[in-house]
Amino acid sequence: MKKQLLTLVFLISTEAIFGQQLSLLDLETAFLRNNLQLIAQKYQIGQAEALIRQERLWPNPSLTVDNVNLWANSTFETMEPLFGSFGAKQQFGAELEQLIETSGKRKKRVVLRELESKANQLEFDAILREMKLDLRSTYYSLLRIKQEEHQLLRVLQLFERLHAQYKVQAEKQHISQVNYYRVHTELIGIQREVLDLTAERLDKMKHLRVLTALPALTIADLQLDNMELPALSASSEELESWSLEAHPKLMQLRNEIDLAQQQVRLEVANRIPDLSMVMNYERGGNVMRNFVGIGVKLDIPVFNRNQGNITAARLHLTEQDQRLRAEEHEVTEALSLHMRELERYGTQLQEWKGQEDGRQVQVLENYSKYLQEQQVTLLEFIDFSQAYLEAQKAYLDLQEKYLNAFETVQYLIGKDLK
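Pasting the structure below:
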């Protein structure tokens, strides 16, 4: 009954989701809830937290029972039994040993595990931001593809009508076969572009379904309307400061430095030998029938004082510090590059402003009428239609590049500006 109820809830929620077109925000919500890679990464965080709890535990004491005699000979001295009749002729020894770590090694390992757990969390955050960037880039590609398909199909319809007309005219020998072949060739070229665009759309939709774990998702379910282009709401100095502070890779490297520093502390602490407290009990094995003694056991650091591990840990710390410096420089340069790209794309898009698509479509339709009225030649019409498609494609590509550059800037600074 419970399973059926859960199935019903899932079906209702799915129907509610696809009952309306999904915006980019809806897709991100589904991505955060359903993406299997993110879910798997969360389990790694849980594993790291479990290892912290394990590291806090003391090592178990060890118990040794030995020197137990299974029989007695004639030279054995009879002793008082331990209980009942057992022990009158029984000799054995027992040893209880407990390891005591010195120099705070256990606490240092706990801190090390906590930093490893933080590394898993930072890895999760980095994967989340990278996949969110991928999701948004895929969405913007589908936005461009849908708009480009709309423009291409509009021109395709014109050439299909023109092709049908020219075919009839050519059969009646009212026009030359050359003009018919020109229209036929152009039609084939446009059809090939439609097929290429369809293949790209199918590939992007497949990737989007994987990211959101929505197997029934189609492009018709997406809200791909014209969107207002976002703009940076902070100065370049603020953006650079945020990138150095919150870039996912830099945060991971800083945590790696903390890990390396803690590893150095642990290796230095390992120079000091640990102690093993020992308690012995021996029955009938010495001048005392029931002997209890205590002792301590430790290694004498004469030859091995952990010198090699300490040196390796310090060199690893220096290496991580250099990696951080190099990555900071790379992030700063990448941010500067994408900000310049964003500014350049924005300027070019402003030059397109005011050139409404409706006016260009009207000009295209007028050219089609002029061709019928023989006010323009076939070559002029083909040239204009090609120029129209190239201009629309260039604008849509530029818009996609602007949106992707903006998202890359947001990724580099580690936060969303919108």
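In the numbering used here, the protein residues as written are 8 to 425.
The beta-carbon is built from N, C-alpha and C at its ideal position, and this holds for glycine as well.
Suppose contacts are defined by Cβ-Cβ distances below 8 Å. Is Q269 in contact with L119 by that definition?
Cβ atoms of Q269 and L119: closer than 8 Å.
What separation, rounded to the nearest whole angstrom, lies between the Cα atoms of L229 and T145?
Roughly 12 Å separates the two Cα atoms.
Assigned secondary structure, M346 (DSSP; H/G/I helix, E/B strand, else coil):
Helix at M346.
Taking 8 Å as the threshold (C-beta atoms), are G300 and Q98 in contact?
Annotated as distal: Q98 and G300, with beta-carbon spacing of 8 Å or more.
State the Cα-Cα distance for the pair S20 and F131, rounded to the nearest angstrom.
Bear in mind that a pLDDT of 44 at S20, under 50, signals an unreliable position, so the model cannot answer this.
Taking DSSP as the reference, what is the three-state secondary structure of T36?
Looking at T36 - three-state DSSP - the assignment turns out to be helix.
Short Cβ contact (8 Å threshold) for E274 with N311
For the pair E274 and N311, the CB atoms are not nearer than the 8 Å cut-off.
Taking the Cβ atom as the reference point for each residue, do H323 and A276 lie within a distance shorter than 8 Å?
Against a cut-off of 8 Å, the Cβ pair of A276 and H323 comes out as no contact.
Assumed close pair V190, H170 - CB separation to whole angstroms, cut-off 8 Å
Taking C-beta atoms under 8 Å as the contact rule, V190 and H170 qualify, at a distance of about 5 Å.
DSSP-derived helix/strand/coil call for G315
Reduced to three states, the DSSP call for G315 is helix.
For L70, the first and last residue of its enclosing beta strand (DSSP E)
It spans S69 to D73 - the beta strand (DSSP E) in which L70 sits, taken as one unbroken run.
Measuring alpha carbon to alpha carbon, tell me which of E235, R113 and M286 ends up nearest T71.
That would be M286, whose Cα lies nearest to the Cα of T71.
Could you have a look at G100 and say whether DSSP puts it in helix, strand or coil?
In the structure shown, G100 adopts extended strand secondary structure according to DSSP, grouped into three states.
In whole angstroms, what separates the C-alpha of Q27 from that of V162?
Take the alpha-carbon of Q27 and the one of V162: they are about 30 Å apart.
Is L342 closer than 8 Å to E263 when the C-beta atoms are compared?
8 Å or more divides the Cβ of E263 from the Cβ of L342.
Could you tell me if Q417 is buried or exposed, where buried requires 16 or more neighbouring beta carbons within 10 angstroms of its beta carbon?
Buried, since its Cβ has 16 or more Cβ neighbours within 10 Å.
Reducing DSSP to helix, strand and coil, say where D265 ends up.
Helix at D265.
Collapsed DSSP secondary structure at V303 in the structure displayed:
Three-state result, V303: strand.
Quick check on W249: buried or exposed, where buried means 16 or more other Cβ atoms within 10 Å of its Cβ?
Under this definition W249 is a buried residue.
If you draw a straight line from the alpha carbon of T85 to that of D73, how long is it in whole angstroms?
Straight-line Cα distance between these residues: approximately 20 Å.
Counting only beta-carbon atoms, is W78 nearer than 8 Å to chain D?
In the structure shown, chain D cannot be found, because there is only a single protein chain.
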